[in-house]
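*Asks:* Each residue of the sequence shown is one higher than the last, beginning at 0 in numbering that gives the first Met the number 0. Backbone N, C-alpha and C fix where the C-beta goes; we use that ideal spot for every residue, glycine too. The structure displayed is predicted, hence computed values, not measured ones.
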Amino acid sequence: MKKNAPTLNLIVTDDTTSSRLVDLTDLPVPVHVTPDGHVIVDDLAPYFQTAAQAFADTWTRMAGQQGRP
Numbered sequence: 000m001k002k003n004a005p006t007l008n009l010i011v012t013d014d015t016t017s018s019r020l021v022d023l024t025d026l027p028v029p030v031h032v033t034p035d036g037h038v039i040v041d042d043l044a045p046y047f048q049t050a051a052q053a054f055a056d057t058w059t060r061m062a063g064q065q066g067r068p
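This is the structure in structure tokens:
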């Protein structure tokens with residue numbers, strides 16, 4: 000990762016118990032740089048959607064193997 004590159008930290012919680020399920024830290028943020036050298040953060044929606052779906056799929060798979068993970 001480049002020095003001073005932006006990162007993102009996420010905390011996934013259970014709404015019913017307010018307990019933390021997972022902490023994701025130092026995730027790289029997709030950016031591009033303009034010809035003038037300005038750093039622009041790319042649209043994060045596709046990354047959040049992919050991450051949320053991966054978490055839900057894993058949760059469902061684990062729940063099927065062990066009951067509730």
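1. Please state whether DSSP places ASP13 in a helix, a strand or coil.
2. Using DSSP's beta-bridge definition, name the partner residues of LEU23.
3. With a threshold of 8 Å on Cβ separation, who are the neighbours of ASN8 within its own chain once the five nearest residues in sequence on each side are excluded?
4. To test your reading of the DSSP string, which unbroken beta strand (DSSP E) runs of 3 or more residues are found completely within the segment 29-63?
5. Taking the alpha carbon of VAL30 as the point to measure from, which residue in ALA51, ASN3, THR59 has its own alpha carbon closest?
*Replies:* According to the structure data:
1. Looking at ASP13 - three-state DSSP - the assignment turns out to be strand.
2. Answer by DSSP bridge pairing, in chain order: LEU9.
3. Cβ neighbours of ASN8 within its own chain (closer than 8 Å, five residues either side excluded): ASP22, LEU23, THR24, ASP25, LEU26.
4. Fully enclosed beta strand (DSSP E) runs of 3 or longer: 30-32, 38-40.
5. Per the C-alpha coordinates, the member of ALA51, ASN3, THR59 positioned closest to VAL30 is ASN3.
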